[in-house]
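*Asks:*
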Amino acid sequence: MKSSFRKSFLWILIALLIVFAGSVLFESTSRIKQAKAEANFLIGISQPNLNEPRQIVMNNEIRKEAEKHSNVKLIFTDAAENSEKQIHDVQKLMEYGIDLLIISLNDSEKLTPIVKEAYKTIPVIVLGRGVTGYDYTMFIGSDNLSIGKIAGKLASDLLAGTAAEIVEIKGAMSSTSEEETSRGFRDYVTRSPSIQIKQEIDGSWQRDKAEDELKRILPFYPEVRLVFAHSDAMALGAYRAITSWGLSNVQIIGIDGLDTVNGGFDLVKQKILSGSVTSPTGGRESIQYAIDILNGEKVIPKKIILRSHLIANQHEPLNGPDRQPYMMKLDTAGPDKADPRRKIKLGVVIVGSESSWRAANTESIKTAAEQEQDIELFMQYAEGSQDKEIEMIRSLIRQKVDVIVFTPIVETGWDEVLEEARKAGIPVILTDRKVKVEDDSLWTTFIGSDFIEEGRRAARWLLERYANRGGVTEIVELQGTAGSAPAIERRQGFEEVLANNSSFHVAASEIGDFTYDSGFQLMNKVIKDGVMPQVVFAHNDDMALGAIKAMEQAGMKPGKDIVVMSVDATKLAFQAMIAGKLNLSVECNPLLGPQIVKAVKDLAAAKEIPVNIITSEGIFSAETAKRDIAMRKY
Ligand code: AHR
Numbered sequence: 052m053k054s055s056f057r058k059s060f061l062w063i064l065i066a067l068l069i070v071f072a073g074s075v076l077f078e079s080t081s082r083i084k085q086a087k088a089e090a091n092f093l094i095g096i097s098q099p100n101l102n103e104p105r106q107i108v109m110n111n112e113i114r115k116e117a118e119k120h121s122n123v124k125l126i127f128t129d130a131a132e133n134s135e136k137q138i139h140d141v142q143k144l145m146e147y148g149i150d151l152l153i154i155s156l157n158d159s160e161k162l163t164p165i166v167k168e169a170y171k172t173i174p175v176i177v178l179g180r181g182v183t184g185y186d187y188t189m190f191i192g193s194d195n196l197s198i199g200k201i202a203g204k205l206a207s208d209l210l211a212g213t214a215a216e217i218v219e220i221k222g223a224m225s226s227t228s229e230e231e232t233s234r235g236f237r238d239y240v241t242r243s244p245s246i247q248i249k250q251e252i253d254g255s256w257q258r259d260k261a262e263d264e265l266k267r268i269l270p271f272y273p274e275v276r277l278v279f280a281h282s283d284a285m286a287l288g289a290y291r292a293i294t295s296w297g298l299s300n301v302q303i304i305g306i307d308g309l310d311t312v313n314g315g316f317d318l319v320k321q322k323i324l325s326g327s328v329t330s331p332t333g334g335r336e337s338i339q340y341a342i343d344i345l346n347g348e349k350v351i352p353k354k355i356i357l358r359s360h361l362i363a364n365q366h367e368p369l370n371g372p373d374r375q376p377y378m379m380k381l382d383t384a385g386p387d388k389a390d391p392r393r394k395i396k397l398g399v400v401i402v403g404s405e406s407s408w409r410a411a412n413t414e415s416i417k418t419a420a421e422q423e424q425d426i427e428l429f430m431q432y433a434e435g436s437q438d439k440e441i442e443m444i445r446s447l448i449r450q451k452v453d454v455i456v457f458t459p460i461v462e463t464g465w466d467e468v469l470e471e472a473r474k475a476g477i478p479v480i481l482t483d484r485k486v487k488v489e490d491d492s493l494w495t496t497f498i499g500s501d502f503i504e505e506g507r508r509a510a511r512w513l514l515e516r517y518a519n520r521g522g523v524t525e526i527v528e529l530q531g532t533a534g535s536a537p538a539i540e541r542r543q544g545f546e547e548v549l550a551n552n553s554s555f556h557v558a559a560s561e562i563g564d565f566t567y568d569s570g571f572q573l574m575n576k577v578i579k580d581g582v583m584p585q586v587v588f589a590h591n592d593d594m595a596l597g598a599i600k601a602m603e604q605a606g607m608k609p610g611k612d613i614v615v616m617s618v619d620a621t622k623l624a625f626q627a628m629i630a631g632k633l634n635l636s637v638e639c640n641p642l643l644g645p646q647i648v649k650a651v652k653d654l655a656a657a658k659e660i661p662v663n664i665i666t667s668e669g670i671f672s673a674e675t676a677k678r679d680i681a682m683r684k685y
C-alpha cells in the first residue's frame with residue numbers, strides 16, 4: 052500500500068516537473084506572442100545551463116531588475132550544457148522576435164558565429180565569458196586577475212610569517228581566465244619566501260571531484276596550511292576532504308561569493324571557508340544596460356568589468372577594505388548633505404594640452420559636467436606634469452570635493468596621493484589612462500579605451516594588407532609619452548600581433564610625447580639616421596601628422612611610398628587620409644564626458660559602479676575616410 056502510494060506520488064511529481072520545465076524552458080508560442088504583444092521590449096536570455104548556482108543567481112538578478120520595468124518581458128532558455136542546443140535556443144529566440152539577446156556562453160568558440168549572426172539584427176549583451184572578435188553590443192564580466200590578487204592578499208594575511216604550503220584547485224587546467232586568477236594569486240603569495248604553492252589540482256568545477264582529488268593528495272603534503280579553490284563549490288569539496296582527514300589547521304579560500312545556501316557568503320559565515328571573493332554575475336547590470344540600449348541611449352560602453360569584493364571572517368561581509376569605503380559618504384556625511392539643493396563638488400585634473408584628442412576630451416568632460424545642475428565643477432590644468440597633477444589632487448582634497456576625476460600622465464607614482472584621497476574619503480575616478488598601484492582599491496573606476504586592443508587593431512590591419520607583399524617590411528614606431536599607459540599598451544598590442552611573423556621588423560622605436568612637434572622631430576631623426584621604413588606607426592594622430600610633414604620635407608610620399616598608421620581618428624587625421632597622406636587611424640574615443648558624469652552621479656547616489664568601463668571603438672582607413680568624416684565629432 053505504502054509503496055504504491057509512493058509510486059503514484061513519484062509519477063505525479065515527474066508529471067509536474069515536466070509541465071514546469073515545459074513552461075520555463077520552452078515557453079509556449081502563444082505565451083510568447085502574448086508577451087510580445089504586451090511588452091515594448093521582449094528580451095531573450097540564453098543560459099548555458101541551469102545546474103550551476105551562478106546561472107540561477109544570474110537569472111534571479113535579471114528577473115528582479117526587469118520587474119522594475121512594466122514594459123519589459125523576458126524569455127529564458129536553458130541549453131543544458133550543450134552548445135548545439137544553445138545555438139538552436141538563440142535561433143528560436145530570434146524567431147520569437149526578441150528585441151535584445153542576453154547570452155552567457157556554454158563554449159566561446161562554438162557560440163561566436165551565432166552571436167555574430169544575432170548581432171546583425173538585434174543588440175546582444177554577452178555575459179561572463181567573451182566571444183572572439185567584437186560582433187556584439189556589449190560585454191559584461193569580472194576581472195580574474197584582480198580576483199586572484201584579492202584571494203592572494205587574504206592568503207598572505209592569513210599565513211602571515213608562517214612557513215606554509217598551499218594547494219590550488221582549478222576548475223579547468225588550461226583556460227586563460229583560470230590562468231589569470233592563478234597569476235593574480237601567485238603575484239601576492241610568492242612575495243613571502245616562506246609560502247610555497249605545492250600542488251595544483253583539477254577539480255573540474257565540481258565539489259565532489261575537488262574533494263576526491265584533494266583527499267588523494269593530502270597525505271603527501273603534511274605541511275599544507277591553505278587551499279585556494281577557484282569556486283566556492285570546490286572549496287566546499289576541499290573542506291570535506293580536509294575534515295575527512297581530521298585536519299583542523301588548513302584554511303580554505305573560494306571564489307564566487309554567492310548569497311545562496313552553500314554559497315560563499317554562507318560558507319564564510321559558517322566558518323567553513325576563511326574567505327571568498329565575489330565574482331559578480333552581471334545579471335542586474337545586463338538588464339540596466341539592455342534598457343538603456345533599447346531606449347536608444349547614446350553612450351553604451353563596449354565592455355564593463357564589475358568589481359570583486361572580499362568576503363572574509365575578519366570583516367563584516369561586504370564591508371572589508373575592498374568595499375569602496377567612501378561610497379556611503381556622499382549622501383550621509385557633511386553638514387550640508389541634508390540640503391537637497393547641495394551640489395556634488397566634482398574635482399577634475401586635466402593632464403595637459405598635448406594633442407587635438409586631448410582638446411576634444413577636455414571639452415567633452417567640461418560640457419557634460421557643466422550641463423548638470425547638481426554638479427559644481429572644479430577644473431584644474433596640469434600642463435603635462437605629474438608633479439603638478441599631484442599638487443592639484445592635493446588641492447582638491449583640501450577643498451573637500453566629493454569626487455576626483457583625473458588622467459594619470461604616467462602609470463606609476465600615484466600610491467601616496469591616492470592614499471591621501473582615500474583617507475579624506477574622496478573616491479577617485481581614473482579616466483583615459485590607468486595607474487599601476489600596489490592597491491587597486493585606491494581608485495573606484497576606470498573609464499576609457501582598451502589601448503592594447505588599439506595596438507592590436509593597427510597590427511592586424513597591417514597584417515591583412517601587407518603580409519603577402521614579399522620580403523621584410525621595415526617599421527618605424529613613434530611612441531607616445533614614456534611610461535604612459537597608451538604608449539606602453541599600444542606598443543604591447545602591436546608587438547603581440549606581429550610577434551613570430553618574420554616578414555615584419557621594427558627597425559626603430561623612438562620615444563615622443565604625443566605632440567605634433569615630437570612626431571616631426573623623431574621622424575627627422577629617423578630619416579637622418581638613414582632608416583628607410585615601409586611603414587610608420589605613430590601612437591597618435593598628432594605625431595603622425597608631424598612625421599608626415601618631416602617625410603614630405605625630405606621628399607618622400609607618406610601614404611603612398613610609406614604606409615602611415617596612427618591612433619585617435621580625429622578630424623585632422625581624416626583630412627590627412629582624404630589627402631592620401633595617412634593610411635589608417637585606429638579610433639580612440641575622447642568623448643568620455645557623459646560616461647564620467649554618469650559614474651559621478653551613480654557614486655553620489657551610493658551605487659556601486661563597474662571597475663572598468665571601456666568605450667566602443669573601431670578603425671578607419673583612407674579608403675572610406677571621405678564617407679566617414681561626415682560622422683566625426685572630434
Ligand atoms: O591617452 C590618450 C592619448 O593621449 C591619445 O591617444 C593622445 O592623442 C593623447 O594625447
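First residue of the sequence shown? That's 52 in my numbering, and the numbers climb one at a time after it.
Every residue gets a Cβ at the ideal spot worked out from N, C-alpha and C, and that includes glycine.
Among the candidates V278, K167, D653, whose CA atom is the shortest distance from the CA of L298?
*Replies:* The option with the nearest alpha carbon to L298 is V278.
*Asks:* D438: buried (16+ other C-beta within 10 angstroms of its C-beta) or exposed?
*Replies:* The residue is exposed, with fewer than 16 neighbouring Cβ atoms inside 10 Å.
*Asks:* Which of the three DSSP states is assigned to Y272 in this structure?
*Replies:* Coil at Y272, not helix or strand.
*Asks:* Looking at V582 and T524, is the spacing between their C-beta atoms short of 9 Å?
*Replies:* Their beta carbons are not under 9 Å apart, which means T524 does not touch V582 by this criterion.
*Asks:* Give me, in chain order, the residues of the same chain whose beta-carbon lies closer than 7 Å to that of L469; leave out the 5 immediate sequence neighbours on both sides.
*Replies:* Contacts found: V479, V488, L493, W494.
*Asks:* Heavy atom of the ligand AHR less than 8 Å from the Cβ of R542, yes or no?
*Replies:* No, since every heavy atom of the ligand AHR falls outside the 8 Å radius drawn around the Cβ of R542.
*Asks:* Ordered along the chain, which non-local residues of its own chain (more than five positions away) have a Cβ less than 7 Å from that of V175?
*Replies:* L152, I154, V166, A169, Y187, T188, listed in sequence order.
*Asks:* Given this structure, state the Cα-to-Cα distance separating K622 from R683, to the nearest angstrom.
*Replies:* Computed Cα separation, rounded: 6 Å.
*Asks:* When you compare only the Cα positions, how much space is there between L205 and G326?
*Replies:* Approximately 8 Å, taken between the alpha carbons.
*Asks:* Decide if T80 is buried, meaning its Cβ has at least 16 other Cβ atoms within 10 Å, or exposed.
*Replies:* Exposed, since its Cβ has fewer than 16 Cβ neighbours within 10 Å.
*Asks:* So who's on the other strand from T482, going by DSSP bridges?
*Replies:* Its beta-bridge partners are I498.
*Asks:* Under 9 Å between the Cβ atoms of F565 and S415?
*Replies:* For F565 and S415, no; Cβs fall outside 9 Å.
*Asks:* Run through DSSP, which three-state label would M628 get?
*Replies:* In this structure, M628 counts as helix in the three-state DSSP scheme.
*Asks:* In the DSSP assignment, find the unbroken alpha helix (DSSP H) run with T413 in it and report its ends.
*Replies:* Taken as a continuous stretch (DSSP letters only), the alpha helix (DSSP H) holding T413 covers 407 to 421.
*Asks:* Throw me the rounded Cβ distance for the S282 and Y239 pair, which I believe falls under 8 Å.
*Replies:* Not quite, the Cβ-Cβ distance comes to about 19 Å (not below 8 Å), so this is no contact.
*Asks:* Rounded to whole angstroms, what's the CA-CA distance from R445 to A472? Just pull it up for me.
*Replies:* So the alpha carbons of these two residues sit roughly 8 Å apart.
*Asks:* For V350, which residues from the same chain have a beta carbon less than 7 Å from its beta carbon, with the 5 sequence-adjacent residues on both sides left out?
*Replies:* Result list for V350: P645, Q646, in chain order.
*Asks:* Is T163 helix, strand or coil by DSSP?
*Replies:* The answer is helix: DSSP assigns T163 an H, G or I state.
*Asks:* Name the two residues that bound the continuous alpha helix (DSSP H) containing V614.
*Replies:* Counting along the chain, V614 falls outside any alpha helix (DSSP H), though it belongs to the beta strand (DSSP E) covering 614 to 619.
*Asks:* For E160, count neighbouring Cβ atoms within 10 angstroms of its own Cβ and tell me buried if that reaches 16, exposed if not.
*Replies:* So E160 counts as exposed.
*Asks:* In its own chain, which residues sit with a C-beta less than 8 Å from the C-beta of T418, not counting the 5 before and 5 after it?
*Replies:* Excluding sequence neighbours, T418 sits near G644.
*Asks:* Let's test the definition: count the other Cβ atoms within 10 Å of the Cβ of Q106 and tell me whether it reaches 16, buried, or not, exposed.
*Replies:* It is buried - the Cβ of Q106 has at least 16 other Cβ atoms within 10 Å.
*Asks:* Go through its chain and collect everything with a Cβ distance to R3's Cβ below 7 Å, but skip five positions before and after it.
*Replies:* Outside the displayed span of the chain (52 to 685) sits residue 3, for which this structure offers no information.
*Asks:* So what does DSSP say about V662, is it helix, strand or coil?
*Replies:* Coil, per DSSP.
*Asks:* Ignore the nearest five residues each way along the sequence and tell me which others in Y340's own chain have a CB closer than 7 Å to its CB.
*Replies:* For Y340, where only same-chain residues beyond five positions count, the Cβ hits under 7 Å are I176, M189, I351.
*Asks:* Closest by CA to L596, which one among A558, S560, S636, G148?
*Replies:* Ranking A558, S560, S636, G148 by Cα distance to L596 puts S636 first.
*Asks:* Check this for me: beta carbons of A673 and I613, under 9 Å apart or not?
*Replies:* Result no, Cβ atoms of A673 and I613 do not sit closer than 9 Å.
*Asks:* Taking the alpha carbon of P244 as the point to measure from, which residue in T213, G222, T227 has its own alpha carbon closest?
*Replies:* Selected option, being the one with the closest Cα: T213.
*Asks:* For E547 versus G506, is the C-beta spacing smaller than 9 Å?
*Replies:* Yes, they are a contact pair.
*Asks:* Go through its chain and collect everything with a Cβ distance to G563's Cβ below 7 Å, but skip five positions before and after it.
*Replies:* These residues qualify, in order along the chain: L529, Q530, G531, S569, G570, L573, M594.
*Asks:* Indicate whether the contact test is met: 3 or more Cβ pairs, each with one atom in the region 662 to 681 and one in the region 447 to 459, closer than 8 Å.
*Replies:* Because the criterion of three Cβ pairs below 8 Å is not met, the region 662 to 681 and the region 447 to 459 do not touch.
*Asks:* Note the first and the last residue of the continuous alpha helix (DSSP H) segment covering M430.
*Replies:* Where M430 is concerned, there is no enclosing alpha helix (DSSP H), although the beta strand (DSSP E) it sits in stretches over 426 to 432.
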